[in-house]
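First comes the structure, then the notes that go with it.
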Amino acid sequence: SLFNEWRGSISDKAKVDVQTLYKHGDGFRNNNTFDQVNGTFKTQYRISDKKVLYVKANTNFENSAATYTGLTEYSFKTNPNFNPKEYDNFKVLRQSLDVMYTSKITPNLVGNTSVYLSYFDRRWWREDDVFVRASEFATDRSPVPYFQTGDLMRIGGGASNFGILRTFYVGGIAHDYTLEHNVMGNKSRAEWGVRAHWERFIDDKKIGSAPDSRDGVYYTGTPNDPKDPVQIVGQSHHYETTALAVYVKEQIKRGRLVVTPGMRVEVFEQERIDRLRGSILADKVSFVVLPGLGGNYEFGRFNIFGGIHRGYTPPSSGALKITNFGQDTGSGGLDLKSEKSWNIETGVRSWGRNSVLEATAFLIRIEDLVAAGRGTAFKNLGKVQTSGFELSLATATSRKSVIFPDINLSYTLLNTEIKSGVVKSATMAGNIDVDLSGNELPYAPRHTVTVGLAKNFTDKLRLRADMRFVDNVFTDFENIEGIQNRGDTGPVPSYSILNASVDYSINSGWSAFISAKNV
């Protein structure tokens, strides 16, 4: 990788920052070469003592030999670097522009206006999969059923591929104010604003006639020919979202106590057009009021804090209609309900001369969670509860003795439980409903621990090592215990990762570093 940055002033009022990045690598599996080019331009222009304009532009291009093909259990044990997909390709172009204008209207009133635009295009072509026997791979590559046991390998079929072709257009404007004032003799700060957001998401799928195809078809057959009827084999969904948000927040300080009530009102309008099925239009409008209350009390070297807030997440455009994946949600996919939650947290923060400690307990109660796990359709569950505890500690023990390193510790206890919910079984034939009550959420490790040690040797050399432990997780809502031979169901076992780095300051203008991940 090569990174370069230049900072400077082109006048007394304007500052400029230009960054460029190039990365190249071979990945950790075969056929995983990638290239990335990234450029960022930032400037801040002081119009006057009370007005500032900030502009940021970014372009990112990536060309990767990325595959969606995972490893079977046999391949993982015998050759975890195995990847037979030499033609799979993932190409990305992203461009963005952000403009922020800040104006100090009065000594106590500040206004901010932000405009953002972005374009994101990704072309991902992937060869179709088949399963073969490793023992017969050299002489016979005939496909076998995936559910068979033994030495199965997942490889490319050699005959066709498909492209998931997605383009996102995003734009928005936000305007807000901050006012320093008094409420009944107490110092307060009020914030209020409005934001308008728009996005268009084009989600296409084409079928290619060769493993290395970079163009494809949406359908096969000939129109008005009964001998060769038209069959839709691809997809072309156009989504559009328009959202309006208005919010107000007040922060009131009375002595050592700070109380922050607030409220946000959101309106969403979502549309989908299925261009391959008569350009059928489906739309949905959502309106929600989201209150919140936070507080903080300081005494000595301690802060006690807490809050309760209403959460709301409308279904994303991609979740509104899923084809060839699990179950269809019914009437066009727009009948998905928005996720709603109550988020509660309380904790304490303390700091001393050589250490900082923070401990937080949290409780999240979710209604209508959108189920999106392995082999599960995008559908609403009933109720889900998540609770836990987080602890972080940073201590500069090296200040007490030169033989000790500085220590950073973090720990998370996470408990998840599905209170009510039903999905179609991914393991039992017959389209059977499964009651999920009492199950854990997918990808929710109960214990996560990170321990970091850092040591400075003189003012030039610094060593650091971090060990991270992640507990085992389920990958599905059914909490399937066994692992199928094809390697994409069942739990992920617990694991630990050790990372290390060395930094050396050569002089005031140059420094060198080496980092190693998962050593």
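Position in the sequence shown (from 1) plus 119 gives the number in this note's numbering. We put the CB at the ideal spot given by N, CA and C, even for glycine.
Neighbourhood of residue i by C-beta distance below 6 Å, restricted to the same chain and skipping five residues each side
| i | result |
| --- | --- |
| Asn443 | Residue placement at Asn443 is poorly supported in this model, since its pLDDT is 31, which falls under 50; the coordinates still yield a value, given next. Here the set comprises nothing. |
| Arg468 | Asn422 and Glu477 |
| Arg148 | Asn200 and Asn202 |
| Ser511 | Glu477 and Ser529 |
| Val404 | Glu388 |
| Gly571 | Asn527 and Asp585 |
| Leu216 | Ala176 and Leu236 |
| Arg285 | Arg241 and Asp322 |
| Thr360 | Glu318 and Gln389 |
| Leu532 | Gly507 and Phe508 |
| Lys134 | Ser128 and Gln163 |
| Lys142 | Ser120 and Gln155 |
| Ala694 | As displayed, the chain neither begins before 120 nor continues past 638, which places residue 694 out of reach and without an answer. |
| Asn231 | Thr221 and Asp295 |
| Val218 | Val174 and Val234 |
| Val377 | Asn415 |
| Ser183 | Phe153 and Phe209 |
| Arg587 | Thr569 and Ile616 |
| Thr159 | Gln138 and Asn177 |
| Ala513 | Val475 and Asn527 |
| Arg657 | With the chain covering 120 to 638 only, the question about residue 657 has no answer from this structure. |
Closest by C-alpha distance to residue i, when choosing among the options
| i | options | result |
| --- | --- | --- |
| Asn534 | Leu528, Leu512, Lys519 and Gly557 | Gly557 |
| Lys161 | Leu500, Gly127, Arg605 and Phe209 | Gly127 |
| His566 | Ile526, Leu555, Ser506 and Ile551 | Ser506 |
| Gly413 | Asn198, Ser398 and Thr465 | Thr465 |
| Ser435 | Lys210, Glu458 and Ala309 | Glu458 |
| Gly381 | Arg396, Val611, Arg375 and Ile427 | Ile427 |
| Asp240 | Val218, Ile224 and Arg213 | Arg213 |
| Arg605 | Leu271, Asp402 and Ala515 | Leu271 |
| Leu140 | Leu121, Asp154, Trp125 and Asn151 | Leu121 |
| Gly430 | Arg383, Asn473 and His357 | Arg383 |
| Thr432 | Pro264, Val386, Ser630 and Arg245 | Val386 |
| Val313 | Val503, His294 and Lys306 | His294 |
| Arg583 | Lys142, Val589 and Ala573 | Ala573 |
| Ser254 | Gly269, Arg394, Phe153 and Lys210 | Gly269 |
| Phe250 | Phe632, Gly276 and Ile599 | Gly276 |
| Phe256 | Phe424, Ile274 and Gly335 | Ile274 |
| Ser613 | Trp629, Ser630, Thr594 and Gly628 | Thr594 |
| Ile551 | Lys210, Ser517 and Glu597 | Glu597 |
| Lys170 | Lys223, Thr186, Glu124 and Glu181 | Lys223 |
| Gly374 | Lys324, Gly304, Asn179 and Val489 | Gly304 |
| Trp629 | Asp168, Leu580 and Leu400 | Leu580 |
Cβ-Cβ separation, residue j to residue i (assumed contact under 8 Å), whole Å
| i | j | result |
| --- | --- | --- |
| Thr569 | Asp585 | 6 Å |
| Gly282 | Arg242 | 6 Å |
| Trp244 | Gly327 | 7 Å |
| Ile204 | Thr191 | It is Lys, not Ile, that sits at residue 204 in the sequence shown. Lys204 to Thr191, Cβ: 14 Å. No contact. |
| Gly79 | Lys325 | Only positions 120 to 638 of the chain appear in the structure, and residue 79 is not among them; the question remains open. |
Spatial neighbours of residue i in its chain, beta-carbon cut-off 8 Å, leaving aside the 5 residues before and after
| i | result |
| --- | --- |
| Val638 | Leu617, Asn618 and Ala619 |
| Ala515 | Asn473, Ser474 and Asp525 |
Other residues of its chain near residue i: CB distance less than 7 Å, five sequence neighbours each side excluded
| i | result |
| --- | --- |
| Leu228 | Tyr296 and Leu298 |
| Leu172 | Tyr164, Ile166 and Tyr220 |
| Lys132 | Tyr164 and Arg165 |
| Gly501 | Lys538, Ser539 and Gly540 |
| Ser450 | For Ser450, the predicted structure reports a pLDDT of 39, less than 50, and the residue's modelled location is therefore unreliable. A value from the coordinates is still provided. Same-chain partners within the cutoff: there are none. |
| Pro348 | Gly340 |
| Phe195 | Gly606 |
| Val621 | Leu582, Phe632 and Ile633 |
| Arg518 | Asn473 |
Residues that residue i bridges to, as DSSP identifies them
| i | result |
| --- | --- |
| Glu686 | Lying outside 120 to 638, the shown extent of the chain, residue 686 is not represented and no answer is given. |
| Lys134 | Ser128 and Gln163 |
| Thr152 | Beta-bridge pairing links Thr152 to no other residue. |
| Gly144 | Phe153 |
| Leu172 | Tyr164 and Tyr220 |
| Phe387 | Ala362 and Ser405 |
| Asn415 | Val377 and Phe424 |
| Arg273 | Phe250 |
| Arg429 | Trp461 |
| Asp552 | Lys543 |
| Gly327 | Asn280 |
| Pro410 | Met382 |
| Asp344 | None, per the DSSP bridge assignment. |
| Glu649 | The question about residue 649 has no answer here: the residues shown for the chain are numbered 120 through 638. |
| Ser529 | Ser511 and Thr569 |
| Thr286 | Asp240 and Ile321 |
Contiguous beta strand (DSSP E) assignments of at least 3 residues, all confined to the segment 174-255: 208-225 and 228-252
Secondary structure, alpha helix (DSSP H): runs of 4+ residues fully inside the segment 472-519: none
Unbroken stretches of the beta strand (DSSP E), 3 residues or longer, contained in the segment 567-634: 580-589 and 614-624
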